[in-house]
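Engineer:
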Amino acid sequence: MNAVSMEAGLLLAGILFLLGMISVMIRRNIIFMLISVEIMLNAAGLAFIVAGSRWVQPDGQIMFIFILTMAAAEVSVGLALILQIYHQLKTLNSDTANFMKG
Amino acid sequence: MKAMADLLWLIPALPFAGALLLVLFGNRISRGLVTAIGTGSVGVSAAITLLLGIEYLSSQPAYYHQEVWNWFSVAGFNPSIAFHLDALSMVFIFVITFVGFLIHIYSTEYMAEDADYSRFFACMNLFVGSMLVLVMADNLLLLYLGWEGVGLCSYLLIGFWYKEPANGYAARKAFIITRVGDTAMAIGLFMLFQAFGTLHIQTISTEAVQLWDTGAQMAVIIAFLLLGGAVGKSGQLPLQTWLPDAMAGPTPVSALIHAATMVTAGVYLIARMHVIFELAPVAMMAVAAIGAVTLLIAGFAALTQYDLKRVLAYSTISQIGYMFLALGVGAWSAGVFHFMIHAFFKALLFLCAGAIILALHHEQDMRKMGGLRTSMPVVFWTFLIGAASLAAFPLVSAGFYSKDQILWLQLAGENGSVWLYAAGLLGAFVTSIYTFRMVFITFYGEAKTHVGHQPTMAIKVPLIILGVLSLLGGFIELPHNFGHVVLFSDFLSPILPAVSVVPGFDQYEWMLQVLAAVVSLGGIYIAYLFYLSKPELLASIHRSNTAMAVHRFWHSGWGFDKLYDTLLVRPYVFLANVNKRDVIDGFYTGLARVAEGFHMMLSDTQSGVLRNYVAGIVVGAIMILTISIFL
Amino acid sequence: MELTFYIAAAVAVLATLMVITRYNMIHALLYLVVSFLAIAIVFFTLGAPFMAALEVIVYAGAIVVLIIFVIMMLNLTYEDVQKEKEWLKPSVWVGPAILSLVLLAELAYMITAAEAPPAAAVVAVDARLVGMALFGPYVLAVQLSGILLMAGIVGAYHLGRQKKKVVHRFLQERSAAA
Amino acid sequence: MILVWLIVILMAGGLLAWLAQRWHRASPRWIALGSVLATLGTTVYLWLAMPSATLGASPWLLQYDLPWIPQWGVSFSLALDGLSLLMLLLTFFLGLVAILISWKEIKNKVGFFHFNLLWVLAGITGVFLTMDLFLFYFFWEVMLIPMYFMIGIWGHENRNYAAYKFFIFTQASGLLMLLAILGLYFIHGSQTGTYTFNYFALLNTALAPEAALLLMFGFLAAFLVKLPVVPFHSWLPDAHSEAPTAGSVILAGLLLKTGAYGLLRFVLPLFPTAAVEFAPWAMLLGVIGIIYGAILAFSQTDLKRLVAYTSVSHMGFVILGVFAFNELALQGVVMQMITHGLSTGALFILAGFLYERLHTRDIRLMGGFWSKAPKMGVVALVFVMASLGLPGLGNFIAEFLTLVGSWQANNVLTIFATIGLVMATAYSLRIMQKVFYEPAAVEQPELPDLTSREMLIAAPMIAGILWLGLYPQPVLDLAKPSVQEQLQSFVPSVENKTIVGRQTAFTTTTTDTVYFQITKGITYERK
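Given below as structure tokens:
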């Protein structure tokens, strides 16, 4: 098997992460924001996998599993919150939910 | 006879005790008891004074001294509560206790209707006590205690009828202006302490001569500072403005405090510290000059007053001016002599005025009086005696002898000058004019106000006694070409050095006496012309604009009140009110505002918009990475 | 193998780009699935086949389906898509994009600037090793994950139910004002 | 040990008072009264049991030492000398007064109030007793926080603002002092090798002039703010006017005195050369304070605020006297601390009485009360006269001694300070005039005169101020050894060997071996 350079893998993770981040910044729809967070989490997991593969250690994959677990829990709670927000505000616009304004 | 001297402390202690009792129980005991405590304590003091005086005269010790307790002692500074009685103090406590006692008796009737009867007597007793401490103190700090104590009583009694805001204002004015003088005096005390390490009067008097030469700078400065205190208390230029306003108090107060005793404390101070003043000829000159100017200014101001008590107030200022004049040329005993005579006749005049005011339902304006000669004969005759004494009516009145002595010494004394003499003579002329103006307006002409209250014994007896004293008091000190009685100056000679007279001047003395007599009689005649026989003369003056402008100027006391008001009072009040909110607090408030501004800025970043937070995180990440790359 | 990685990487980036630029949520989700699948291939090329499987099952499967369910529950309409269009203007995305590009540049610089060790051949780390490590040194974290999932379930249940309308006091004020 | 008990009684009494509130509503008052009476009794006993003859040899009457955190050189070290004894007498007397005036005034959270009151007193007691700088800072904070609660919970309308302001000013300045304490600690430690917070040990620290100046400013920050001196005074009017009466009394009577005490006890002996260098400026600040406070007091219409500004003015005399460095002035300062505690405390109490009856502090709404309440009038008169420095009352002795002393040091500034007395007359008489003399613009319905409880509070204070004015010798005797001790570093020709040693220490800038021998000798002697 040919070697995949670690730089390329990390760069991919970085690009995906930043795409997710751009999305969080530019989208107002709260579901899109949730999706973008998933992208970012996934990118982070990718970085772990790349590192694990580079050093041939299982730890990277273990971290990915934990990230996966966390993402699952997060998305379920997040979706429940989105439902609540939608029911109360009748919109998915996250800017409307700015009651914590200082 | 040690026993009598041991009673020394009782003289001031009794009035203090009386005051204390009246303060504590005054509201709960009957008026009779208040009277008994109030007058009784002063009376007993007077009796002890008399006994002591007799003993003093018979045994002729240098002085009596009694230390009651050691006040405090710090780093070699140990003033005592100790009394020192010599001839000078003797004269003063004699006047204070006796005149004070008479005025207390008088007050029992004058104040009979007043609701605050016991408060009045408490204050009066406190005053007598403080005044006695002042003149009997053996050190300057204790003197200062009495000095401020009488100031307090003066404040309390001027503001006795406190519900009238003007009275309270006058009281405050009196206290503050005298405090200005006291401050100068306090600084003088600091300097004396620094120089001598003590404030004991005898020690200072003996050591000053060794420490300083005549004209030494320290001595001059100290003398001027003490003079500041004296000027404040005695209502001399430039701190005289409080005294006319002080007439807001009850008339017995004016008689006791603002005529007979307290205002002469300045005279006492200068006489007491004469050693220092003798070392400072410049200060002596200043004393004389202040006296001369004051006696003229106050005399002319008195000419134009309509309020009976204000005329007397200005005349008091003027007469104290004479005393200063005497002190200024070193005629110590002449000054003290005039003090004593003045105490008699001025108390008499005030008490008469009080009787009139009481009779006329608290009317003080002379223009509304008149014709009282027949309706109040006792008051008229005693007032006439007092007026004669004030105007120095030749030969029969005590005032003639005391004032003549002062005038004579202006020329004959080594330090005297023609100018001072001329000022004194002009003052004497003015004095007799305004005195008899007062007599003629008040007692002659037709009655304008109904006489309500006829004086009873409590008023008449003090008047008669003081009248007798005003007539006869002068005969204990007569000019040497005219009986040559020198009882008084002999009495004082151990304490106060005699003035040195220019030799060969004696033969002119009779001329000067005649001149003084003529001036006095001339003044009376002019008053007679203007106010009794030819009122049209007065009317012609009233038509002249210039004369009226001068009249108004004199009436306002030469505009000093206005001057001080614009120069000092208003700026101070303005400054205080402008800064009421405290600019320095503004600085801290500003600091708080700035912090609050930063808080608002930071709080604005808390927009509640999730996307902005993410953007913030990104910016933060970029910054951290940039820093880590470039470092 | 290397080529596979690059192709999959390119697909993942493109698909993600499509995700974040869609106006319609369902379209976005479909692209998201594509992106996840591509990443699964990347995992495979990196020698983590088990993770590739998990990626497909959990991400592309469970999570995306969950989101779709929620979208279905929300009854979104055509207007919502229009609204998305309105919201996504160049003025909105230019700034963040530039910021992210800067960040990306810095990341790339840091990744490449480091003294890179020579690339070694990819060796698969199989699921057995992972499992042994997971239940060996990481067992405490596994238990914590269990608790986290439990909390997630309870939280989602609690937040998701709507037995009565409880309006927060801020919202009450707002509706009263409106 | 008896010294520890003083603090323990107060702290325990405070806790007990707080807890006892559930048990019975009035019990906190009685517990507080009991504990303060106990401490007052103890202090009076100490005073009477120490004949002034034994004071001659060493100024220290009692000492107590217990290691607390030995690793850092912190010990629970208390010591009593004449100055502290006087301050303690004042503390417990005013504490007693504070409890009595709160008897009717405080109605809610009675237990917590008395807890705070007693803990403030405990903190003040600690400040006056402790001889360990770490402990000093600890007690400095202990007295701050309960005071904050007292103002913030039981104060008047604007209490929160005032409480914050008080807290921030004192806390910020206290932190600067902590820095200076630590600086001194480390300098001393690096020089001698023994790291200790002990006051007596730190007295022998040799400091470079710049370091001494900086450290002194740290201490000064705390003390000058507490005193307060003019640019730092602005917390005081707010705190005083918003605090409940007991709080105002304790603030004016005691907390300000901790600043003055700190100057005497710490600044002068620890930094003699720096203090001499700073003296003209300090005296200038004092004079500015006297005059500025007097002018501001004159224009106030809030009675408590007016009295607060008079405190600023009176405290100017303290700093003027402290930096005159002679016995007259320092004795004057000690007197001023005590008499000001009594007279200003009494004026605040009067303001409290008036507030209780009229529910206003605005003097424009008062007037003509002399006829309605003559007893109150007499009491007010006495203390107004005290505040303007009438001879015969304690304040006069204080001010006169201070001024005589400062005259030796600086003539010009003393003249200005003396002019302050005229201004004092102006503002003091204004109180009398507005409250008791001229009729009010608004007719106040009725004004009951002082009750017997209130007379019970006022009478001892009048007696005290008169006693201090007519026979202050016992107080001066008690303070004398301490004052001389503080002054030793300023008097060049003193026979005492210790002093000569310290003088050498300060003149020697380089730390040579000779110097160390001398210091060792001193420490040995002190033990």
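Chains as they are written, first to last, in my numbering: chain X, 64 to 165; chain E, 197 to 827; chain A, 0 to 177; chain C, 292 to 818. Don't be surprised by glycine CBs; every beta carbon is placed ideally from N, CA and C. The model shown is predicted, which means the values in this text are computed figures rather than measured ones.
Indicate whether A502/C and I581/C have their beta-carbon atoms separated by less than 7 Å.
Structural biologist: For A502/C and I581/C, no; Cβs fall outside 7 Å.
Engineer: Would F579/E pass as a contact of E673/E if the rule is Cβ separation under 7 Å?
Structural biologist: No, the Cβ-Cβ distance between F579/E and E673/E is not below 7 Å.
Engineer: At which residues does the alpha helix (DSSP H) containing A453/C begin and terminate?
Structural biologist: Counting along the chain, the alpha helix (DSSP H) containing A453/C begins and ends at 450-483.
Engineer: Going along the stretch 728-743 of chain C in order, which residues come within less than 8 Å of chain E, judged by CB to CB distance?
Structural biologist: Taking 8 Å as the Cβ-Cβ cut-off against chain E, the residues of the stretch 728-743 of chain C that qualify are Y728, E729, P730.
Engineer: Taking C-beta to C-beta, are H405/C and A308/C nearer than 7 Å?
Structural biologist: A contact, by the Cβ cut-off of 7 Å.
Engineer: CB-CB under 6 Å to G685/C, same chain, minus the five flanking residues each way: which ones, in chain order?
Structural biologist: The answer, listed in chain order, is T630, I756, L759, G760.
Engineer: So, R375/E versus T716/C, is the Cβ gap smaller than 7 Å?
Structural biologist: Cβ atoms of R375/E and T716/C: closer than 7 Å.
Engineer: Which residue from M667/C, L518/C, R655/C puts its Cα closest to that of V609/C?
Structural biologist: Measuring from the Cα of V609/C, the nearest candidate turns out to be L518/C.
Engineer: So which residues on chain X does G151/A lean against when the C-beta distance must stay under 8 Å?
Structural biologist: By Cβ distance, chain X contributes A135, A136, E137, S139, V140.
Engineer: At 4 residues or longer, and completely inside the stretch 590-656 of chain C: list those alpha helix (DSSP H) runs for me, N to C.
Structural biologist: Listed in chain order, they are 594-613, 618-649.
Engineer: Over the uninterrupted alpha helix (DSSP H) stretch that includes Q764/C, give me the two end residues.
Structural biologist: Here the alpha helix (DSSP H) through Q764/C covers 764-778.
Engineer: Could you list the residues in the stretch 810-826 of chain E with a C-beta less than 9 Å from some C-beta on chain A, going in chain order?
Structural biologist: The stretch 810-826 of chain E vs chain A, Cβ under 9 Å: V810, A811, V814, V815, A817, I818, L821, T822, S824, I825.
Engineer: Are the Cβ atoms of A494/E and S514/E separated by less than 7 Å?
Structural biologist: Yes; because the gap between Cβ atoms is below 7 Å, this pair is in contact.
Engineer: Work out the CA separation of G595/E and A587/E for me, nearest whole Å.
Structural biologist: When rounded, the distance between both Cα atoms is 7 Å.
Engineer: Would you list, in sequence order, the uninterrupted alpha helix (DSSP H) runs of no fewer than 4 residues that lie entirely inside the stretch 108-159 of chain X?
Structural biologist: As far as the stretch 108-159 of chain X is concerned, its whole alpha helix (DSSP H) runs of at least 4 residues are 122-152.
Engineer: List the endpoints of the continuous beta strand (DSSP E) containing D310/E.
Structural biologist: Counting along the chain, D310/E falls outside any beta strand (DSSP E), and DSSP gives it neither H nor E.
Engineer: Which class does P699/E belong to by DSSP, given the choice of helix, strand or coil?
Structural biologist: Of the three classes helix, strand and coil, the one that applies to P699/E here is coil, per DSSP.
Engineer: When we look at the beta-carbon of Q794/C and count the other beta-carbons within 10 Å, is it buried (16 or more) or exposed?
Structural biologist: Here the model assigns Q794/C a pLDDT of 36, short of 50, so the residue's position is not dependable and the matter cannot be decided.
Engineer: Could you name the residues that DSSP lists as bridge partners for A354/C?
Structural biologist: A small fix is needed here, since residue 354/C is Gln in this sequence, not Ala. In DSSP, Q354/C forms a bridge with A370/C.
Engineer: For I84/X, return the contacting residues in chain A, with the cut-off set at a CB-CB distance below 9 Å.
Structural biologist: Per the sequence shown, the amino acid found at residue 84/X is Met instead of Ile. Going along chain A in sequence order, the residues near M84/X (Cβ under 9 Å) are P95, L98, S99, L102.
Engineer: What separation, rounded to the nearest whole angstrom, lies between the Cα atoms of L385/C and A323/C?
Structural biologist: Each residue's alpha carbon lies about 13 Å from the other.
Engineer: List, in chain order, every chain E residue whose beta-carbon is nearer than 9 Å to that of N92/X.
Structural biologist: Under the 9 Å cutoff, chain E gives no residues; its nearest Cβ is about 11 Å from N92/X.
Engineer: At the level of alpha carbons, what is the spacing between P319/C and G325/C?
Structural biologist: One C-alpha to the other measures close to 10 Å.
Engineer: Using a Cβ-Cβ distance cut-off of 7 Å, determine whether M88/X contacts chain A.
Structural biologist: Answer yes: the Cβ-Cβ gap between M88/X and chain A drops below 7 Å somewhere.
Engineer: State the beta-bridge partners of L281/E as determined by DSSP.
Structural biologist: L281/E is bridged to Y260/E.
Engineer: Give the interface partners of E105/A over in chain E, defined as CB-CB distance under 8 Å, in chain order.
Structural biologist: The answer, in chain order, is I818, L821, T822, I825.
Engineer: On the three-state DSSP scale, how would you describe T379/E?
Structural biologist: T379/E falls in the helix class under three-state DSSP.
Engineer: What does DSSP give as the partner residue(s) for S276/E in the beta ladder?
Structural biologist: DSSP output for S276/E lists N266/E as bridge partner(s).
Engineer: Tell whether a beta-carbon distance below 7 Å holds between P195/E and S255/E.
Structural biologist: A question about residue 195/E goes unanswered here, because the residues of chain E that appear run from 197 up to 827.
Engineer: With H, G and I counted as helix, E and B as strand and the rest as coil, what does DSSP make of G222/E?
Structural biologist: G222/E: coil per DSSP, three-state reduction.
Engineer: With DSSP collapsed to three states, give me the class of N489/C.
Structural biologist: Reduced to three states, the DSSP call for N489/C is strand.
Engineer: Report yes if the CB atom of I541/C is closer than 7 Å to the CB atom of A389/C, and no otherwise.
Structural biologist: Against a cut-off of 7 Å, the Cβ pair of A389/C and I541/C comes out as a contact.
Engineer: Taking 8 Å as the limit between beta carbons, can you name the residues of its chain near L420/C, skipping five residues before and five after?
Structural biologist: Contacts found: L294, L297, I298, L369, A370, L371, S375, L379.
Engineer: Within the continuous alpha helix (DSSP H) that includes A735/E, where are the two ends?
Structural biologist: Counting along the chain, the alpha helix (DSSP H) containing A735/E begins and ends at 731-739.
Engineer: Would you list, in sequence order, the uninterrupted beta strand (DSSP E) runs of no fewer than 3 residues that lie entirely inside the stretch 361-426 of chain C?
Structural biologist: 365-372, all fully within the stretch 361-426 of chain C.
Engineer: Of all Cβ atoms in chain E, is any one closer than 7 Å to the Cβ of F589/C?
Structural biologist: Taking Cβ atoms only, chain E reaches closer than 7 Å to F589/C, which makes this a yes.
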